[in-house]
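The structure appears right after this line, and notes come after that.
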Amino acid sequence: MSKPLLAVVGHGMVGHHFLEQIVSRGLHQQYHIVVYGDEPQMAYDRVHLTEYFSGKSADDLSLVSERFFQRHGIELRSGCEVMAIDPVRRSLCDSRGAELAWDKLVLATGSVPFVPPVPGHDLPRCFVYRTLADLDAIAACAATSARGVVIGGGLLGLEAANALRQLGLKTEVVEFAPRLMAVQLDDGGAQMLHGKISALGVEVHTSKATEAIESLDDGSLRLRFADGSSLETDLVVFSAGIRPRDALARAAGLEVGERGGIVIDDACATSAGDIYAIGECALWRGQIFGLVAPGYQMARVLAGLLAQEASAFSGADMSTKLKLLGVDVASFGDAHGRTAGSQCYQWVDNPKGIYKKLVVSGDGKTLLGGVLVGDSSDYASLLQTMLNKLPLPEAPESLILPQLAGAPAKTSGIAALPESAQICSCHNVSKGDICAAVRSGCGDIGALKTRTKAATGCGGCSALVRQVMEHQLADLGVEVKKDVCEHFPWSRQALYHLIRAGGITTFGQLLARHGRGHGCEICKPLVASLLASCWNEYLLKPAHLPLQDTNDRYFANIQKDGTYSVVPRVAGGEITPQGLISLGEVAAEYNLYTKITGGQRIDLFGARLDQLPAIWEKLIAAGFETGHAYGKSLRTVKSCVGSSWCRYGVQDSTAFAIALEHRYKGLRSPHKIKMAVSGCTRECAEAQSKDIGVIATDKGWNLYVCGNGGMKPRHADLFASDLDDETLIRYVDRILMFYVRTADRLQRTSVWMENMEGGLAYLRQVIIDDSLGIADTLEQEMQRVVDSYQCEWRTTLEDPSRRALFTATLNSEAPDETLHYAQVRGQRQPAGGQRIPVATLPAEPWVEICDLTAIPQEAGIGARLGSQRVALFRFGESIYALDDNEPGTPASVLSRGILGDVAGEPVVITPLYKQRIRLCDGQNLDAPGQWLRCWPVRLDRGKVLLGNQPLQRLAEVS
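Sequential numbering of the sequence shown, starting at 1, is according to the UniProt record's numbering.
Structure representation (structure tokens):
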């Protein structure tokens with residue numbers, strides 16, 4: 001007897017989640033399943049679609065596990081559109097002319113972008129933002145464009161604006177409503193978002209009705225608005241909302257809503273027998289759900305019903321947490337305060353661009369909703385408080401007000417959450433599910449994700465998932481491990497003390513005494529930083545070079561296209577006219593993009609790897625030195641002009657800022673450090689948002705510590721007042737070295753302070769009162785760092801063997817063909833949509849490439865095989881050769897990655913996006929279906945030879 005046939009129309013995120021739910025219940029063994037997808041790609045992650053422009057490939061975005069359809073006997077017909085369905089005959093016809101009879105039919109057709117029917121909406125340079133094909137078309141057009149306009153200021157519109165900005169276009173947003181994200185945000189939140197986006201250089205036009213789009217003689221476009229104004233651009237992206245894709249159902253006579261959408265009941269059933277609809281095409285009780293989580297919930301309900309489980313769709317929470325153009329935005333519950341009798345609490349921090357609002361019930365006992373802009377770190381705990389109706393504190397406003405110095409940290413409330421609390425809405429994972437997984441042996445976040453799928457959807461619940469896991473581990477009496485990685489069963493602090501106490505000076509010594517394996521991208525840079533903090537030796541010594549991430553290895557910040565930025569030190573922001581001229585001459589000679597930084601320096605972008613030594617020769621000759629912008633170290637000491645020029649200044653803030661910057665410029669630390677010195681309490685240098693902030697008084701200096709103006713802003717705390725120069729420097733010496741000793745890996749001073757038992761009071765006891773008896777030791781350690789400072793670029797230029805490492809390919813001087821640029825606003829910027837020439841291979845079967853000694857030990861370097869770019873790696877006694885490109889990008893930079901091992905397997909960790917590539921066969925361990933070509937290597941009397949044909953993968957042979 002043949003199986004009944006289940007047809008699924010639509011292979012997007014919701015359609016594929018339905019298939020996973022079917023498989024998890026064993027229904028793929030009861031049904032013959034045929035799936036139609038009208039795109040050539042299998043289901044991919046539309047939530048993170050913008051990341052396609054920052055280097056992720058279609059394979060990286062794929063939601064389909066390796067051989068999913070083959071393993072489960074499901075038939076997928078990609079690139080095949082269903083043209084009609086017949087509910088009476090229970091059949092469908094597709095774009096290939098085939099007809100299929102079905103027993104049950106699931107419509108997961110999603111939605112289509114809404115394009116306002118304005119004249120000119122179909123011109124060649126007008127696009128929508130929905131599929132990978134749309135993105136490819138936008139990128140191709142952007143390659144010859146300088147300006148882009150997005151019509152629509154909602155969620156998708158701001159995502160599209162971010163994409164245009166990543167493509168290097170001057171970006172503007174046009175919104176018909178009087179505010180951005182009108183559905184999710186109130187006036188206050190939208191106003192804050194508007195200001196933050198405008199500050200990023202994206203111009204926003206609200207209350208603008210587009211009447212027509214016209215094509216101009218030069219190929220550009222002009223938008224004409226109802227108010228008589230106009231706007232010229234090179235391309236337009238429509239992102240003005242979505243409409244349910246219901247044409248199939250409508251033509252088949254299924255019930256649809258007045259404004260679209262396939263009507264479904266609580267069982268996701270349509271008006272026709274055995275036809276169901278899920279996702280954005282479905283209309284439930286008059287509501288269309290435009291988020292992925294409700295679609296996933298419908299998929300789970302329908303799969304459960306097909307498996308004879310008691311299940312019903314009862315609506316979904318429409319709360320959202322996103323990062324739009326780098327700005328945190330969250331909205332949950334009754335964000336607009338429409339509930340009768342509700343009351344609102346608002347917190348606004350204009351200098352830091354933060355807006356927070358809570359809506360609570362009239363009696364102040366229940367949280368109803370809220371809006372967060374600029375800082376959404378409290379979103380997860382607030383959402384759980386609302387969803388689970390947890391009791392509010394006596395002062396509900398304390399949930400959004402910044403933490404006061406010395407006050408106890410806000411609790412996450414994990415213990416108060418019921419077992420049924422939904423932690424991950426994308427995959428319907430409850431607190432109980434996570435706790436059960438931990439009890440069954442999932443002791444780390446990776447294992448927990450694999451077991452439960454929590455935090456693998458949109459990712460917004462990641463922090464809360466970790467909190468629940470750690471809370472459950474603590475309940476079980478299991479110590480939450482602070483091991484840095486699989487190679488060292490130690491915390492960062494423990495490794496620091498092992499290095500200090502044991503006089504360990506190399507990674508090899510530390511690994512032999514206290515570790516195992518070969519290391520990885522986590523422990524190698526960490527140990528490199530610890531060794532530099534303790535002994536401050538030259539980073540490119542042969543023993544230290546393999547530990548350095550690409551930024552520290554080449555003393556420059558790598559950019560997404562494989563070029564580097566050059567940032568000379570400009571201490572205190574003070575620079576001479578001749579210094580400015582020298583920087584301008586270098587930028588002009590090497591055609592570099594220039595930008596003033598927030599730390600009062602000048603960034604020069606777009607330098608090729610092989611150009612860096614020549615650029616730095618000129619800069620050093622002009623009196624500059626490395627600015628350490630690439631390191632976890634002191635970045636800048638910002639200053640105002642102080643008493644030298646300003647009529648309000650009471651101290652010479654510029655001179656003191658310069659003194660501080662020169663003192664601490666060689667310090668390596670757990671994370672970057674920023675400082676500032678203001679000449680008076682008007683605070684023009686913004687010292688209270690820095691790790692170390694100094695503000696002048698008429699009696700000396702006030703010292704502020706542990707501020708942070710980054711992703712989680714925190715005001716610095718006043719540490720001591722009216723200090724003289726010598727005392728302030730002594731305190732800063734002690735604070736920074738205590739931070740180096742005790743902070744966790746990649747922990748900013750702000751988080752270090754928040755996690756420190758006793759907080760500010762304890763830090764004062766250690767630093768001022770010397771309660772631990774280590775003050776003299778801390779000062780001596782800092783003085784050793786100060787005395788051993790060297791400009792790493794000067795040292796490099798003086799050593800020919802180190803300078804030789806700055807080459808894209810060691811056996812060719814040909815320019816890097818993977819770099820392509822467009823002229824934008826008179827400056828060079830990366831351009832998308834460029835094709836790399838097809839590489840040619842030599843005819844001879846084996847080609848001599850280089851001496852073995854030309855490849856750094858335990859590291860890599862680029863080379864050419866004919867015109868093919870390859871990466872050579874020297875790992876122990878073995879030499880490996882792979883294609884020299886970061887997967888998913890055209891950048892030839894793999895050779896600059898860190899070597900290590902994963903469970904004993906030799907790997908290279910890519911420099912841009914930290915993907916782990918197996919050296920023996922080129923498999924991407926983070927995307928198992930993705931491979932780089934692997935080339936045969938032979939050693940002959942100290943020479944490295946490569947074969948002219950790539951090795952065949954084991955998977956292909958089998």
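A virtual CB, placed ideally from N, CA and C, is assigned to each residue, including glycine.
All figures in this text were calculated on a predicted structure; none of them were measured in a lab.
query	result
Quick one: is MET386 buried, meaning 16 or more other Cβ sit within 10 Å of its Cβ, or exposed?	buried
Please list the terminal residues of the continuous alpha helix (DSSP H) segment that includes LYS104.	Per DSSP, LYS104 belongs to no alpha helix (DSSP H); it is in the beta strand (DSSP E), 104-107.
Buried or exposed for PRO351, going by 16 or more other Cβ atoms inside 10 Å?	exposed
According to DSSP, which residues form a beta bridge with ASP769?	Per DSSP, none; premise fails for ASP769.
Would you kindly report the start and end of the unbroken alpha helix (DSSP H) that includes ASN162?	155-166
Using the Cα positions of ARG828 and LEU169, report the straight-line distance between them to the nearest angstrom.	With a pLDDT of 48 at ARG828, under the threshold of 50, the predicted position of this residue should be treated as unreliable, and no value is reported.
One question on the structure: do LEU592 and LEU634 come within less than 8 Å of each other, judged by their Cβ atoms?	no
First and last residue of the beta strand (DSSP E) that includes ARG635?	634-639
Of all the options VAL236, THR210, LYS208, HIS205, which has the alpha carbon lying nearest to the alpha carbon of GLY219?	VAL236
With distances taken between CB atoms, is the gap from PHE332 to GLY370 smaller than 8 Å?	yes
Using only the alpha-carbon positions, how far apart do LEU945 and THR809 sit?	15 Å
With a CB to CB cut of under 6 Å and the five nearest residues on each side skipped, what residues in its chain are close to TRP701?	VAL694, LEU723, LEU728
Are the segment 603-611 and the segment 563-573 in contact at 8 Å, needing three or more beta carbon pairs?	yes
Compute the Euclidean distance between the alpha carbons of LEU865 and PHE18, then round it to the nearest angstrom.	47 Å
In angstroms with no decimal places, state the Cα-to-Cα distance between residue 962 and ARG165.	Lying before the first or after the last residue shown, residue 962 is absent from the chain, which here runs from 1 to 958.
How far does the beta strand (DSSP E) with LEU372 in it extend, from its first residue to its last?	367-373
Out of LEU805, ILE596, GLY707, SER529, which has the shortest C-alpha to C-alpha gap to PRO670?	SER529
Using the three-state DSSP reduction, which class does HIS514 fall into: helix, strand or coil?	helix
Between SER867 and chain D, is the shortest Cβ-Cβ distance under 8 Å, so that the two count as touching?	Protein chain content of the structure displayed is limited to a single chain, and chain D is not contained in it.
Just the C-alpha distance for ALA190 and ASP317, rounded to the nearest angstrom, thanks.	21 Å
Quick one, which of ALA251, LEU322, LYS104 has its alpha-carbon nearest VAL373's?	LEU322
Which value, in whole angstroms, describes the spacing of the CA atoms of LYS389 and LEU399?	15 Å
In whole angstroms, give me the CA-to-CA distance for VAL902 and CYS523.	12 Å
Using the three-state DSSP reduction, which class does LEU954 fall into: helix, strand or coil?	Residue placement at LEU954 is poorly supported in this model, since its pLDDT is 45, which falls under 50; the coordinates are not used for a value here.
ASN755 to PRO890, Cα distance in whole Å?	41 Å
By alpha-carbon positions, which one of HIS72, LEU306, ARG250 ends up nearest to ASP103?	LEU306
Does DSSP put GLY900 in a helix, in a strand, or in coil?	strand
Quick check on DSSP: helix, strand or coil for GLN857?	coil
Please report how far the alpha carbon of GLY929 lies from the alpha carbon of ASP59, in whole angstroms.	8 Å
What is the rounded straight-line gap between the Cα of SER311 and the Cα of CYS442?	28 Å
Among PRO906, LEU872, VAL908, which residue has its Cα nearest to the Cα of ARG938?	LEU872
Rounded to a whole number of angstroms, what is the C-alpha to C-alpha distance between SER462 and GLN70?	31 Å
Applying the 10 Å Cβ sphere with the 16-neighbour rule, what's the burial state of ASP265?	exposed
Take SER342 as the anchor and find which of GLN287, LEU703, GLY362, ALA335 has the nearest alpha-carbon.	GLY362
Below 8 Å, how does it come out for the segment 608-617 and the segment 800-815: are there three or more Cβ pairs, yes or no?	yes
Spatial neighbours of LEU583 within its chain, please: CB distance less than 6 Å, with the 5 preceding and 5 following residues excluded, ordered by chain position.	ILE602
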